[in-house]
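A quick write-up on the structure given underneath.
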Amino acid sequence: MIALIQRVRKASVIVDDVTVGSIGRGLLIFLGIHSQDRLTEADWLARKCTSLRIFPDDAGQMNLSVRDVDADILLVSQFTLYGNATKGHRPSFIEAARPEVAEPLYEYVKRKLSSELRRPIACGSFGASMQVSLVNDGPVTIWIERAPEKTRDS
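Residue numbers (our numbering): 1 to 154.
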């Protein structure tokens, strides 16, 4: 499972000319789901995202989490995070989970993030063509990846 996390001043998602999710200060999380991902990876990732200390404290050091600063989360599904372009010029998405696997895991991550944050989060629309707008704060962009349990080296 991959989370591409951007600390933002604001972010929004539009589907068919309708804003389906928007936040002010917080985290925009693009979520990629691997074909072998399960609840274990989703649980770990939700805890990691909400505990990640990338907001500045009073001294300007990145010491505070999204929970600590009472900021928001916007979650956007993005299978293209598993695009492999090492061969040729057209990415292969063979490692990305099919929608019947990815959508339930996306919904689970959404619930887990909301639970960890202790309030609802904003979301894009799974599988839709979305236009995402953001104002990156910093800029701060973090890539977090957790290999599926079956493929992780222990």
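Glycine is no exception: its CB is placed at the ideal position from the N, C-alpha and C atoms.
- In this structure the region 38–50 does not lie against the region 11–26, because fewer than three pairs of beta carbons, one per stretch, are closer than 8 angstroms.
- V101 sits in a helix when the DSSP states are folded into three classes.
- Within the region 27–104, the complete beta strand (DSSP E) segments of 3 residues or longer fall at 62–64, 72–77, listed in chain order.
- Shortest Cα-Cα distance from I144 to any of W44, P99, I14, D17 involves W44.
- Within the region 97–150, the runs of beta strand (DSSP E) at least 3 residues long that lie entirely inside it are, in chain order, 131–145.
- Per DSSP, the beta bridge partners of G21 are V13.
- Listed in chain order, the non-local C-beta contacts of R53 below 7 angstroms within the same chain comprise M62, N63, L64, S65, local neighbours out to five positions each way being set aside.
- Counting the other Cβ atoms within 10 Å of the Cβ of A85 gives fewer than 16, which makes it exposed.
- Non-local C-beta neighbours of K110 in its own chain, meaning closer than 7 angstroms and more than five positions away in sequence, comprise L75, I121, C123, ordered along the chain.
- In this structure, P139 lies away from R47, with their beta-carbon atoms at least 9 angstroms apart.
- I2 is positioned such that its CB atom lies no closer than 9 angstroms to that of C49.
- Per the coordinates, the alpha-carbon of D68 lies some 17 angstroms from the alpha-carbon of D137.
- The C-beta of E116 has 16 or more other C-beta atoms within 10 Å across all chains shown, which makes the residue buried.
- Between A102 and S77, the C-beta spacing is below 9 angstroms.
- Of the other Cβ atoms in all chains shown, 16 or more fall within 10 Å of the Cβ of H34; this residue is therefore buried.
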